[in-house]
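Novice: In the numbering used here, the protein residues as written are 386 to 1222. Note that the Cβ used here is the ideal one computed from N, Cα and C, for glycine as well. Structure in structure tokens, see below.
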Amino acid sequence: MKTVTKTALANVRQNKVRNLISGTAIILTTLLVFMVLTVGNASVAVRFAGVNAYYPPYHAMFRQVSEENVQKLSSHNDIEKLGRRIDLGEGVEDDSTVLLMYMDDTALELNRVELSEGTFPKSGNEIAFPEAMLEEYGLTAGIGDEITLPFQLYEEDGLGYQKEDTFRICGFLEGENGSEQKSYPVLVSEEYMEQTIPEESREYRVMFRLKDVGKNIETTDAIEEEVKGIGADFGVQEDNVVINTEYLLANYIDPTALFGIVCIVLVVVMAGVLTIYSIYYVSMVPKIQEYGKLKAMGATKRQIRQIVFREGLLVTAIALPLGLLVGSLIAGPVTEWIYRLGGNIKTEYTEENLNTICMQLLENGEVQILTWWIYLVTILTVVVTVYLSLVKPMRMAAKISPVEAMRYQGERPGKKQQRKGFQEMSLGRLTRAGLARNKRRSALTILTLGTVGILFMVVATVISCAAPKEIARQEFEEDYKIYVDSWSGDKMNPDREWENLMQNNPLTEEFISGIREVPGVEKVEIKTYLSGALTEIDPESDIAGASIQGLGEDYAKEMEDCQIEGHVTYEELKSGDQILMSQNMMRWFPELHLGSRVKMTLPVGNKTVERTFQVAAIGDYPSAISWANFLLPSSVVEEIAAEAEEGVNLNDACEIRVDSSLSGSEREETYAALAGLAKTSEYLETDSFEQHLGNWETTMMIFGVIGYAFLIILGAIGIMNLINTMINSIYTRRRELGMIQAIGMSEKQLVRMMQLEGLFYTAGTLLVSLGLGSLAGYGVFLYAKADGMLNITVYHYPVVPAVALAVTVAVIQLLLTYAVARSFRRMSLIDRIRYAD
């Protein structure tokens, strides 16, 4: 076996150019696999570390738990740690809310409540709260001082009468969130809570952590199932079970995420196998004669296979560490760059504090980016990829007989071939003969480069169609928006339910008049909203609810233009028995179609209204118009609300157009004035077209850089294959070309023939890349449009990337041809004719 290893090592030293090309391909493949795994894992790890530092660490919470059940849960075998919280009441001062609550020590720990100064309440009338509350209430006080707070206690049928009590400040809570949210937690002592609320009236919120999580219970689904089982045992209704989803996803296995990671790794492995196999296949063809000589000297098939395999492993042993080294050096800066840019993307779902924590963790090096398992997976992946790439060349070298190997020039062994001759020779015929000698090699080279080209065109098409300005306009109608920030299903914030907000809606006529009076405001459109359930097909709204957007007459044209099936005018919709349905509803409910009758149950304040509509048309409208599943004239929505006789306000959003002639500073002043109006209520939020545009510009820049960087590395591997193919194509025919030159071919004609061969690879690559790539890109566009991906609606052919691809391939081919021709000319004619490997 020492002889086999020495022979493989001698081959590595002898074939420096070929192994340099193969090694470069392995370095790039290693870098690609390593960066995909490292950057992806680091991004998730930073996010999860931020979640662990920001979110409470309890697994779940039960609401409305009696004193007796709290004691039983505390001694439950499956619960590791349990904390108690009970809300006493609240006080409202203008637009600020004070929430009086008691938490035991464990609840304080599980909710990450910390002090900036002082101590937590221990006895009597001691309280602790955020210091920002003093400024909001116009109070001046410090630790040990007494203040009087008005509040209402929670009673069985709602809030009781207002009362006042005097409290002594014992501590200030850390954090400034209260100042922004206008909602301040005020902690009281256990003694005060027991004096205020009788034992039989106490209903706790208990947050807890389970035992054996990570051992016997490993997935988020299993944790959720265990929590619901415990809740059922103690009579806790499912509506009162709150799962700490963000924290669980950050710390335990999510089967969906695991599946996604496996799929990405498989794609990378398949790409690596294709490219490295192509390089090794082409590289091994000219070595078959050498292996034939070894077989003639007595080498066995197994020894030949081992020589090929060990030569590949020796190259891999040098190239793989270099790839890991480069990846290790750039992984940190790349991850930080991606996360820094991603932090600039602001949406209504963005957690500002969480993003800040994530950036601090990354900058301080508190998250481990380079992990041992990524190195191990990368090494195994590359070694397996190289092995799979060597299987065919090993079999080829071992299978061929010594006689066939000695005269092998790239044709398939074992098949009789009839040579077709010509009366006259030409450069074109010589080129075709050279290419036809090994059709598989030529096809494999074009396939490898063409595959990269197809991926390039697909990515370029997506980026071209996902124009940030168009996308932003698809999801944002005017220049600025003030809307009611409502949501459903939040057991912790029932006041955010739309049926509750419509009874105390801050978007009053007076408020809207104030918007119109702001300098620079040109137009204000009001949208109304109702939401309920599809009574017959989805009464619990498990799939989709009966959300209805009410639009004014100015939207008549948009409502008609968006219709893709059927037709109904705005005036016809005013009748109140017809409705415009989103095409998305047909995906969720195949039984719904044009002409269907849809029965809805719509909560209006404290009552419900039942209505049945006929689907008069199906629409495909952008989210800028509405996210709702149904559209109606605002007058019809108001009529439905009037039936309940609740006196509710259904105004949902104000779409505001700003004078286009305003300068940048004037526009900012207008936006600031509008934001000031919105801050008068904690239930109002604002948004702007510029914010959406900036988000999408950043998103598409990150997507483009990552996508093109991935393709550049993959393309470089393909180029290594092209270089290898060109070199082997010329150098394995040195004797043949030398003899042709001896009978009259000039150096100029030789170079011209090389250029024609290069032109064949160029034309074949561009034909596959631009032809199939354009078709694949258009197919991805249609899929993205139908699926609503990136809000893509208009097809833009990527002209600039396509031209850049064609020019890049042509220039690389010309430079490669020049380099190969120059190298070949250095060999004398006699040496070429003598060449017999």
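(1) Could you name the residues that DSSP lists as bridge partners for residue 537?
(2) With a cut-off of 8 Å on the beta carbons, I'd call residue 503 and residue 528 a contact; round off their distance for me.
(3) Among residues of its own chain, excluding the 5 on either side of residue 1036, which ones have a beta-carbon nearer than 7 Å to its beta-carbon?
(4) Between which two residues does the beta strand (DSSP E) carrying residue 759 extend?
(5) By Cβ distance, which residues of its chain are closer than 6 Å to residue 935, with the 5 residues on each side in sequence left out?
(6) Just the Cα atoms here: how many angstroms apart are residue 393 and residue 696?
(7) Give the C-beta separation of residue 1028 and residue 920 to the nearest angstrom, bearing in mind that I take them to be a contact with Cβ-Cβ under 8 Å.
(8) Is it a yes or a no for the region 448 to 460 touching the region 1125 to 1136, going by three-plus beta-carbon pairs under 8 Å?
(9) Leaving aside the five residues before and after residue 524 along the sequence, list all residues of the same chain whose C-beta is less than 7 Å from its C-beta, in chain order.
(10) Compute the distance between the beta-carbons of residue 626 and residue 445, then report whether it is under 9 Å.
(11) Using a Cβ-Cβ cut-off of 6 Å (strictly less than) and excluding sequence neighbours within five positions of residue 1143, which residues of its own chain qualify?
(12) Using the beta-carbon count (16 or more within 10 Å), is residue 1223 buried or exposed?
(13) The alpha helix (DSSP H) with residue 398 in it runs from where to where?
(14) Given residue 1042, which residues of its chain have a CB within under 6 Å of its CB, disregarding the five upstream and five downstream residues?
(15) Counting along the chain, where does the alpha helix (DSSP H) carrying residue 886 start and finish?
(16) Anyone know if the C-beta pair for residue 993 and residue 962 falls short of 9 Å?
(17) Inspect the beta-carbon positions of residue 1096 and residue 1151 and report whether they are closer than 9 Å.
(18) With a CB to CB cut of under 6 Å and the five nearest residues on each side skipped, what residues in its chain are close to residue 848?
(19) Just reading off the alpha helix (DSSP H) that residue 1023 is part of, what are its end residues?
(20) Counting beta carbon pairs with one atom in the region 584 to 591 and one in the region 545 to 561, are three or more of them shorter than 8 Å?
(21) Under the three-state reduction of DSSP, which class applies to residue 1072: helix, strand or coil?
(22) Write down the C-beta distance between residue 981 and residue 1000 rounded to the nearest angstrom, noting that I regard them as a contact closer than 8 Å.
(23) Count the other CB atoms, across all protein chains shown, that sit within 10 Å of the CB of residue 692; report buried if there are 16 or more and exposed otherwise.
(24) What runs of the beta strand (DSSP E), each 3 residues or longer, lie entirely inside the region 420 to 501?
(25) Just how far apart, CA to CA, sit residue 977 and residue 483?
(26) Is it buried or exposed, residue 725, if we count other Cβ atoms within 10 angstroms and call 16 or more buried?
(27) Report the residue from 1011, 1061, 462 and 713 whose alpha carbon sits nearest the alpha carbon of residue 593.
(28) Which whole-angstrom value is the C-beta distance of residue 1069 and residue 939, which I expect to be below 8 Å?
(29) Identify which residue in 991, 882 and 441 has its Cα closest to the Cα of residue 491.
(30) So, using beta-carbon positions, are residue 439 and residue 497 closer together than 9 Å?
(31) For the alpha helix (DSSP H) that residue 614 lies in, which residues bound it at each end?
(32) In angstroms with no decimal places, state the Cα-to-Cα distance between residue 582 and residue 621.
(33) Could you have a look at residue 1204 and say whether DSSP puts it in helix, strand or coil?
(34) Is it buried or exposed, residue 1168, if we count other Cβ atoms within 10 angstroms and call 16 or more buried?
(35) Identify the continuous alpha helix (DSSP H) that holds residue 1050 and give its terminal residues.
(36) I'd like to confirm the pairing. Which residues does DSSP put opposite residue 948 in its beta bridges?
Specialist: On the basis of the coordinates in this document:
(1) Answer is 475 and 547, bridged to residue 537.
(2) Residue 503 to residue 528, Cβ: 5 Å. Contact.
(3) The answer, listed in chain order, is 890, 892, 911 and 913.
(4) Unbroken run through residue 759 is the alpha helix (DSSP H), 757 to 784; no beta strand (DSSP E).
(5) Within the same chain, 913, 1017, 1019 and 1022 come within 6 Å of residue 935 by CB-CB distance, once the 5 residues on both sides are set aside.
(6) Approximately 5 Å between the Cα atoms of the pair.
(7) Rounded, the Cβ-Cβ distance is 16 Å, inconsistent with contact.
(8) Cβ pair count under 8 Å is below three, so no.
(9) These residues qualify, in order along the chain: 532.
(10) A contact, by the Cβ cut-off of 9 Å.
(11) Cβ neighbours of residue 1143 beyond the five flanking positions: 1198 and 1202.
(12) The requested residue 1223 is not part of the displayed model; the chain covers only 386 to 1222.
(13) Element bounds for residue 398: 387 to 399.
(14) Within the same chain, residue 1042 has close Cβ partners 863, 864, 907 and 908.
(15) Note, residue 886: alpha helix (DSSP H), 883 to 886.
(16) With contacts defined by Cβ atoms closer than 9 Å, residue 993 and residue 962 do not form a contacting pair.
(17) No, the Cβ-Cβ distance between residue 1096 and residue 1151 is not below 9 Å.
(18) Closer than 6 Å at the Cβ level, and outside the excluded window around residue 848, lie 1089.
(19) Where residue 1023 is concerned, the enclosing alpha helix (DSSP H) stretches over 1019 to 1029.
(20) No: the two stretches stay apart, fewer than three of their Cβ pairs being nearer than 8 Å.
(21) Residue 1072: strand per DSSP, three-state reduction.
(22) About 5 Å separates the beta carbon of residue 981 from that of residue 1000, a gap short enough to meet the 8 Å contact definition.
(23) So residue 692 ends up on the buried side.
(24) Here the runs fully enclosed are 445 to 450, 464 to 478 and 481 to 488.
(25) When rounded, the separation of the alpha-carbon atoms in residue 977 and residue 483 is 47 Å.
(26) By the neighbour-count rule (16 or more Cβ atoms within 10 Å), residue 725 is not buried but exposed.
(27) The residue with the shortest Cα to Cα distance from residue 593 is 462.
(28) About 23 Å separates the CB atoms of residue 1069 and residue 939; that is not less than 8 Å, and the two are not in contact.
(29) When each option's Cα is compared against that of residue 491, the closest is 441.
(30) Yes; because the gap between Cβ atoms is below 9 Å, this pair is in contact.
(31) Bounds of the alpha helix (DSSP H) holding residue 614 are 605 to 618.
(32) Approximately 21 Å, taken between the alpha carbons.
(33) In this structure, residue 1204 counts as helix in the three-state DSSP scheme.
(34) With a 10 Å radius around the Cβ and a threshold of 16 neighbouring Cβ atoms, residue 1168 comes out exposed.
(35) Note, residue 1050: alpha helix (DSSP H), 1049 to 1063.
(36) DSSP links residue 948 through a beta bridge to 1004.
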